[in-house]
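Working notes for the structure below.
In the numbering used here, the protein residues as written are 2 to 403.
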């Protein structure tokens, strides 16, 4: 019973801090959409999407490495590599300052947000539950100053980007010593074995974020920044759901290390119907409440309603995909994730190009949902095929004993 309470407390700690992060982001986007002009909100959404597009090129999946005991032996190599990328990112930001202040601030934001994510992962790994919550509250509270500034002053986008930097830097500075983070770039960064083991997880992390942000960049650059703002709001609503699966994933990395991959798969196989029933019930309740809320809060009711209904399928299959991805991380078989994500990227672009002629903007949420269905089915089939022989052999052994 004590172990159960300890595990539950740890999971709820991760979930609570994730909820806080998402609530603050949701409030930031929702309040800005109400109090600012559509043009300003669109420009902010585009800058925000750009920041999160570039983060993986600096962070290189280090958050996942730090949470997985499989990669504990490479912690110094990983941190050295990320420190090098952080330095290059800040240098690029400073270099751009005289020619394009907005892009300079975006690059500095990328470095600040990357370091924030690393320290946050180290807090989870060290099971510092109370500190995770304080960390998230500090970050979110500073973000809400943005809303206050926009509401009472005639502020510009550059000032907003500076506050975003502060929201990531201040909490991080408080906790650098607590997690024993050191800014060092050692020779371990060129360890060949390290590169061999982590290359697929780094590449899959980069492609995963391209998948999440590519549609937003295309909408903001080629279509209309106002449309991007509404698309981002739809996605922010679903963050309320995805944080639960993300928290489970982060928690699982630290708790399933003693289990073999086939045992994890066996559990998923036996409990898939229960997981489906729980997810579908939750999604139905959530969407009904959400559609009622949209009617009273936002002006673009039809646009948001259609976008949310289409995206709901994508987020549903994305959560199921995350459960199965635990097995691939456990096996260090992240090459399969990279292959899936490359295929998803091509399929996403093809769907957008084909469907845009017929449904315009809605081709983006359609592509979002379809590629997540494809990813889930591909990964499940790959794992099922791999473990089919194991379960057949096990069944024969049981019969022989009987």
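Idealized CB from N, CA, C, for every residue including glycine.
Residue 155 sits in coil when the DSSP states are folded into three classes, being neither helix nor strand. When 168, 224, 134 are compared, the shortest CA-CA separation from residue 142 is found for 168. With respect to residue 59, residue 113 sits apart: the two C-beta atoms are not nearer than 8 Å. Contact between residue 377 and residue 330 does not hold, since their C-beta atoms are separated by about 16 Å, which reaches or exceeds 8 Å. In this structure, the straight-line span from the alpha carbon of residue 162 to that of residue 368 is close to 30 Å. If you look at residue 362, you'll find it isn't in any alpha helix (DSSP H); DSSP assigns it neither H nor E. A Cβ-Cβ distance of about 11 Å is found for the pair residue 228 and residue 363, leaving them out of contact under the 8 Å criterion. Short of 7 Å from the beta carbon of residue 109, and not among the five residues preceding or following it, lie these beta carbons of its own chain, in chain order: 91, 94, 166.
Proximity of the stretch 169-177 to the stretch 306-325 falls short of the contact definition, fewer than three beta-carbon pairs being nearer than 8 Å. For residue 28, same chain residues with a beta-carbon under 7 Å away, outside a window of 5 residues either side, are 145 in chain order.
In summary, residue 210 is buried, with 16 or more beta-carbon neighbours lying within 10 Å of its beta-carbon over all protein chains present.
Leaving aside the five residues that flank residue 291 on each side, the residues in its chain whose CB is nearer than 8 Å to its CB run, in chain order, 238, 309. Nearest to residue 153 by alpha-carbon distance, out of 221, 37, 346, is 37. Counting only residues of its own chain and dropping the five nearest sequence neighbours on each side, residue 160 has a CB closer than 8 Å to the CB of 150. The beta carbon of residue 352 is closer than 7 Å to those of 364, 367, 368, 371 in its chain, skipping five residues each way along the sequence. Three or more Cβ pairs closer than 8 Å define a contact, and the stretch 341-351 falls short of that threshold against the stretch 314-321. Restricting attention to 105, 101, 100, the CA atom closest to the CA of residue 89 is found in 105. Each residue's CA atom was taken as its position, placing residue 343 and residue 155 some 43 Å apart. Contact between residue 179 and residue 222 is ruled out by a C-beta separation of about 40 Å, above the 8 Å threshold. Counting only residues of its own chain and dropping the five nearest sequence neighbours on each side, residue 313 has a CB closer than 7 Å to the CB of 284, 288. Taken through DSSP and simplified to helix, strand or coil, residue 179 comes out as coil.
Residue 359 is classed as exposed because its beta carbon has fewer than 16 other beta carbons within 10 Å across all chains shown. In the structure shown, residue 370 falls within a helical segment according to DSSP collapsed to helix, strand and coil. Classified as exposed, residue 293 has fewer than 16 neighbouring CB atoms from the shown chains inside 10 Å of its CB.
Contact check for residue 214 against residue 50 passes: the beta carbons are separated by less than 8 Å.
Nearest neighbour of residue 384 by Cα position, chosen from 120, 25, 357, 328, turns out to be 328.
For residue 204, same chain residues with a beta-carbon under 6 Å away, outside a window of 5 residues either side, are 339 in chain order. By the Cβ-count criterion, residue 355 is exposed, with fewer than 16 other Cβ atoms from all chains shown falling within 10 Å of its own Cβ.
With contacts defined as CB atoms closer than 8 Å, residue 56 and residue 137 fail to qualify as a contacting pair. Comparing C-alpha distances from residue 345 to each of 216, 200, 101, 147 shows the shortest one belongs to 216. Restricting attention to 278, 357, 336, 332, the CA atom closest to the CA of residue 388 is found in 332. Out of 357, 386, 341, the CA that lies nearest to the CA of residue 375 is found in 341. The Cβ neighbour count for residue 212, taken over all protein chains shown within 10 Å, is at least 16; the residue is labelled buried.
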